[in-house]
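Peer 1: Structure below; questions to follow.
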Amino acid sequence: MARNKPASVKPKPKPTQTTDKSAKPRLSNAERSAYFARREAAKVLRTVLQGDANRQAVASIKSLVYSPSIRNKKATFALVCQTLKHLRIIKDVFEIEKILNSKWKRQEELIYIIAYDILFGKEISLVGGDAEKFFTCRKDAMQSALAKLVVRKKVKNIDDLIALYQPPDITRALLCSRKQFKVQKDGMIPHLLMLPPHTDLHNHSLVLNGSIFVQGKASSMVAAVLDPKPGWEVLDACSAPGNKTVHLAALMKGKGKIIACELNKDRAKRLEDTIRLSGATNIEVMHGDFLKIDPKGPFSKVSAILLDPSCSGSGTASQRLDHLLPSHTTDVVDTERLNKLAAFQKKALAHALSFPAVERIVYSTCSINQIENEDVVNSVLPLATSNGFQLATPFPQWQLRGLPVFEGSEHLLRTDPVKDKEGFFIALFVKKGSVKNPEERSGSGKLAGSLSNDEGRLKRSCHANKKKIALPVFYRGIFKPWLHRARKTSNSFN
């Protein structure tokens, strides 16, 4: 019987190296990081430019960049700001070379970012996508167009060209510090912690998980002045992006109900994101028009209303980096827009005064214009008086009060955009009989107890952090919605 011969095993052929030129090169970590930063910056830039064009910003540049969805915040912030700073030049370069065709028009913001990197940035080579490849091939043409622009504008060099295109305050830079940080309680506003200027907490774990929120002191005054009690039903009339809304929830210790009203769809989504991050469970988002709410309808039992309506934002323009926006002008006052805003503000405040069960109403703006502030309040005083309201004096220890344009303006509160880093205006209406003393210390109760665990962790980590930081100076305070994270901490504020 013949034996079967063992099968011979043929050696596997060695893989041959391919020279497929269509295969995309592998990106280094730095190139991959830059690729995604450009796309994150383009997304933020699109939102900023659309809001500027419609005069209805979803949020400030900093708020958009420092949202949890942005991973590389430092690179994204730099790209957005620098692209906005050079945007007029970039557009003129595109116009000279007719480079922005219909295909790339759909990715307009990304193209602006890439053009900034090519013309003014430090990137030696741009890799990672079709857009980078297309415009890198046209680098010489774009630089030639930039040189033509220098000649056309009759300046000596590119630096002079940049200076020609920029408003006077464009050179403002964010300062960094290596100081150790000290956390202090604010002596006036409950739940507010104060940190040194330029402290960067946006990547701190307590910020990322919603245990604390970064907000200026003037902004934090608004909810504290309304001073809602636990168990109340509160209406936040124009609530996006939601920091004041979740501050109200913290002051109410999660008890009662807050109706957060927002008309704009994009801003309503941002409001929902803020509420979700905070962990607040007593906030109901209403996507609709505050002016169309029937005061005698389902919300007739509302006890307090926070009205922080659309305004010119003149008190926070520099902090929001409005000088970078295409619509910015340094010396022209848009009187027509101010009149339209004031008309809406008067209508909204009058509407708030018509809710039958309301005991407290706060009207606030981040504007320094009399037409949006004292004039609005003065226009509704007859209605307020007939409905049983009077002006109260929030934080009487605060020195800067309303402009002396009508009797009673000393009850109003202003903050200075330079000294206080934000220019806010606050008016408090209270129902007669609901407070014994109009000179009330609204929201200024003393804080009891020692530092909570979260605050102690924050203090220790701040002392340990010696990295460079770049937080804008107006972000100097944080408030802690302690109830929503109470399960994680002990020794919380009472």
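Numbering (UniProt numbering), first residue to last: 1 to 494.
C-beta: ideal position from N, C-alpha, C; glycine also.
1) How big is the Cα-Cα spacing for residue 540 and alanine 78?
2) Assign cysteine 366 to one of three DSSP states: helix, strand, or coil.
3) Looking at the secondary structure, which residues open and close the beta strand (DSSP E) in which leucine 307 lies?
4) Reducing DSSP to helix, strand and coil, say where isoleucine 70 ends up.
5) Are the beta-carbon atoms belonging to tyrosine 35 and glycine 187 less than 7 Å from one another?
6) DSSP on arginine 26, reduced to helix/strand/coil?
7) Note down the Cα distance separating leucine 251 from histidine 191, rounded to an integer number of angstroms.
8) Considering just the uninterrupted stretch of the beta strand (DSSP E) at lysine 257, what are its terminal residues?
9) Within 10 angstroms of the Cβ of arginine 360, are there 16 or more other Cβ atoms? Answer buried if so, exposed if not.
10) Grab the span of the beta strand (DSSP E) containing phenylalanine 425 for me, first residue to last.
11) Kindly say whether valine 234, judged by its beta-carbon, lies nearer than 7 Å to any beta-carbon of chain B.
12) Phenylalanine 135 and isoleucine 114 - do their beta-carbons sit closer together than 7 Å?
13) Spell out a yes or no on whether the segment 278-290 and the segment 384-395 are touching, meaning 3 or more CB-CB pairs, one atom from each, closer than 8 Å.
14) Quick check on DSSP: helix, strand or coil for proline 190?
15) Can you give me the C-alpha to C-alpha distance between valine 376 and glycine 51, rounded to a whole angstrom?
16) In angstroms, rounded to a whole number, what distance separates the CA positions of alanine 260 and lysine 431?
17) Roughly how many angstroms lie between the CA atoms of glutamate 233 and lysine 62, to the nearest whole one?
18) Leaving out the 5 sequence neighbours to the left and right, which residues in its chain are closer than 7 Å to glutamate 132 when beta-carbon positions are compared?
19) Considering only residues of the same chain and omitting the five flanking positions on each side of lysine 346, which have a CB-CB separation below 7 Å?
20) Just how far apart, CA to CA, sit isoleucine 90 and leucine 161?
21) Specify the secondary structure class of methionine 142 as computed by DSSP and reduced to three states.
22) Mark lysine 53 as exposed unless 16 or more other C-beta atoms lie within 10 angstroms of its C-beta, in which case mark it buried.
23) To which residues of the same chain is glutamate 284 closer than 6 Å at the C-beta, ignoring the five residues directly before and after it?
24) Grouping DSSP H, G and I as helix and E and B as strand, with all else coil, what is methionine 286?
25) Looking at cysteine 366 and glycine 408, is the spacing between their C-beta atoms short of 7 Å?
26) With C-beta atoms as the reference, is aspartate 306 less than 7 Å away from valine 362?
27) Mind reading off the beta-carbon distance from proline 241 to leucine 271? Whole number of angstroms is fine, and I expect it under 8 Å.
28) In whole angstroms, what separates the C-alpha of threonine 274 from that of glutamate 336?
29) Taking Cβ positions, are lysine 73 and valine 65 nearer each other than 7 Å?
30) Which first and last residues belong to the alpha helix (DSSP H) in which leucine 400 is found?
31) Where does isoleucine 162 fall in DSSP's three states?
32) Alpha carbon to alpha carbon, how far is alanine 163 from leucine 119?
33) Here's the rule: buried if 16 or more other CB atoms are within 10 angstroms of the residue's CB, otherwise exposed. What is asparagine 339?
34) So leucine 341 and serine 312 are supposed to be a Cβ contact under 8 Å. How far apart are they, rounded?
Peer 2: Based on what the coordinates show:
1) Outside the shown range of the chain, which is 1 to 494, sits residue 540, and nothing can be said about it.
2) Walking along the sequence shown from the start, residue 366 turns up at place 366. In the structure shown, cysteine 366 sits in coil (DSSP, three-state: anything other than H, G, I, E or B).
3) Against the sequence shown, residue 307 aligns to sequence position 307. Unbroken beta strand (DSSP E) run through leucine 307: 304-307.
4) Against the sequence shown, residue 70 aligns to sequence position 70. Three-state DSSP puts isoleucine 70 in coil, outside helix and strand.
5) To locate residue 35, count along the sequence shown from 1; it is residue 35. To locate residue 187, count along the sequence shown from 1; it is residue 187. No, they are not a contact pair.
6) For this step, residue 26 is matched to residue 26 along the sequence shown. Looking at arginine 26 - three-state DSSP - the assignment turns out to be coil, as it is neither helix nor strand.
7) Residue numbering aside, residue 251 sits at position 251 when the sequence shown is read from its first letter. Residue numbering aside, residue 191 sits at position 191 when the sequence shown is read from its first letter. Using only the alpha carbons, I get a separation of about 8 Å.
8) For the purposes of this step, residue 257 is taken as the residue at position 257 of the sequence shown. Where lysine 257 is concerned, the enclosing beta strand (DSSP E) stretches over 257-262.
9) The residue you call residue 360 lines up with position 360 of the sequence shown. Under this definition arginine 360 is a buried residue.
10) In the sequence shown, the residue the question calls residue 425 occupies position 425. 425-431 is the span of the beta strand (DSSP E), which, as asked, contains phenylalanine 425.
11) Reference to chain B is not applicable here, since this structure consists of a single protein chain.
12) Position 114 of the sequence shown, counting from 1, holds the residue named residue 114. Position 135 of the sequence shown, counting from 1, holds the residue named residue 135. Going by C-beta atoms, isoleucine 114 is nearer than 7 Å to phenylalanine 135.
13) no
14) Here residue 190 refers to the residue found at position 190 of the sequence shown. Reduced to three states, the DSSP call for proline 190 is coil.
15) Numbered from its first residue, the sequence shown carries residue 376 at position 376. Numbered from its first residue, the sequence shown carries residue 51 at position 51. Taking the straight line from one Cα to the other gives about 25 Å.
16) Sequence index remark: in the sequence shown, residue 260 carries index 260 (1-based). Sequence index remark: in the sequence shown, residue 431 carries index 431 (1-based). C-alpha separation (whole angstroms): 22 Å.
17) In the sequence shown, counting from the first residue as 1, residue 233 sits at position 233. In the sequence shown, counting from the first residue as 1, residue 62 sits at position 62. If you take the alpha carbons of glutamate 233 and lysine 62, they lie about 32 Å apart.
18) Here residue 132 refers to the residue found at position 132 when the sequence shown is read from its first residue. So the list reads Ile114, Leu126, once near-sequence residues are dropped.
19) Within the sequence shown, numbered from 1, the residue matching residue 346 stands at position 346. If we look at lysine 346 and ignore the five residues flanking it on each side, its Cβ neighbours are Val376, Ser379, Val380.
20) Start at 1 with the first residue of the sequence shown, and residue 90 comes out as number 90. Start at 1 with the first residue of the sequence shown, and residue 161 comes out as number 161. Rounded to the nearest angstrom, the two C-alpha atoms are 12 Å apart.
21) As a first step, residue 142 is located in the sequence shown; it is residue number 142 there, counting from the start. Methionine 142: helix per DSSP, three-state reduction.
22) Locating residue 53 in the sequence shown gives position 53, where the first residue counts as 1. Lysine is not the amino acid found at residue 53; the sequence shown has alanine there. Exposed, because fewer than 16 other Cβ atoms sit within 10 Å of the Cβ of alanine 53.
23) The count along the sequence shown starts at 1 and reaches residue 284 at position 284. Ile259.
24) To locate residue 286, count along the sequence shown from 1; it is residue 286. It is a strand residue.
25) As a position in the sequence shown, residue 408 is number 408, starting the count at 1. As a position in the sequence shown, residue 366 is number 366, starting the count at 1. Taking C-beta atoms as the reference points, glycine 408 and cysteine 366 fail to come closer than 7 Å.
26) For the purposes of this step, residue 306 is identified with residue 306 of the sequence shown, where counting begins at 1. For the purposes of this step, residue 362 is identified with residue 362 of the sequence shown, where counting begins at 1. Note that residue 306 corresponds to leucine in the displayed sequence, not to aspartate. It is a contact, given that the beta carbons lie within the stated cut-off.
27) Along the sequence shown, read from residue 1 onward, the residue named residue 241 stands at position 241. Along the sequence shown, read from residue 1 onward, the residue named residue 271 stands at position 271. Indeed, because the Cβ distance is near 6 Å, the residues count as touching under 8 Å.
28) As a working mapping, residue 274 is identified with position 274 in the sequence shown. As a working mapping, residue 336 is identified with position 336 in the sequence shown. Note on geometry: alpha-carbon atoms of threonine 274 and glutamate 336 lie some 33 Å from one another.
29) Locating residue 73 in the sequence shown gives position 73, counting from the first residue. Locating residue 65 in the sequence shown gives position 65, counting from the first residue. Their beta carbons are under 7 Å apart, which means lysine 73 touches valine 65 by this criterion.
30) Taking the first residue of the sequence shown as 1, we reach residue 400 at position 400. Neither: leucine 400 is in no alpha helix (DSSP H) and is coded neither H nor E.
31) Within the sequence shown, residue 162 is the residue found at index 162, counting from 1. Helix.
32) Residue mapping note: residue 163 aligns to position 163 of the sequence shown, counting from 1. Residue mapping note: residue 119 aligns to position 119 of the sequence shown, counting from 1. For alanine 163 and leucine 119, the distance between alpha carbons rounds to 15 Å.
33) To locate residue 339, count along the sequence shown from 1; it is residue 339. Label assigned to asparagine 339: exposed.
34) On the sequence shown, residue 341 is found 341 positions in, with the first residue counted as 1. On the sequence shown, residue 312 is found 312 positions in, with the first residue counted as 1. Between serine 312 and leucine 341 the Cβ distance is about 6 Å, and since that is below 8 Å, they are a contact.
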